[in-house]
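Take a look at the structure set out below.
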């Protein structure tokens with residue numbers, strides 16, 4: 690999804706902070722394996738946390754394990770990371786939009802909430818794979 694008119698990443702890393710992490714679907718896992726060039730065993734032991742059928746990235750010192758003054762696995766990052774901060778919850782409530790905009794300097798607030806949502810809805814409709 691081309692999102693430049695809505696968002697321009699400032700590489701601040703705020704979205705990579707916190708103890709919560711991103712779940713990885715099969716596509717995310719394969720992309721990450723290719724980007725890292727490591728065996729499944731190495732990736733699982735070093736970078737992933739597996740609970741039942743849920744595969745997640747580990748966190749370290751309060752941030753994503755892949756964050757070190759930038760994303761060290763940027764080309765293989767999870768789909769959700771690539772879509773952030775354009776989260777569907779923005780469309781549900783203007784408060785969500787402003788909460789995300791306050792934490793993300795890359796959000797284009799000059800558009801205003803209604804126009805931002807109109808463009809985001811259009812871009813999401815163009816996208817063939819929408820995950821929430």
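Residue numbers (this note's numbering): 690 to 821. Built from N, CA and C at the ideal position, the CB exists for glycine as well.
- Under the three-pair Cβ rule at 8 Å, the segment 726-737 does not count as touching the segment 783-796.
- Fewer than three beta-carbon pairs drawn from the segment 786-798 and the segment 752-762 are found closer than 8 Å, and the two stretches are therefore not classed as touching.
- DSSP lists no beta-bridge partner residue for residue 728.
- Contact annotation, residue 695 with residue 808: C-beta distance approximately 6 Å; criterion of less than 8 Å satisfied.
- Per DSSP, residue 699 is not a residue of any alpha helix (DSSP H), being assigned neither H nor E.
- A straight line joining the alpha-carbon of residue 712 with that of residue 801 spans about 31 Å.
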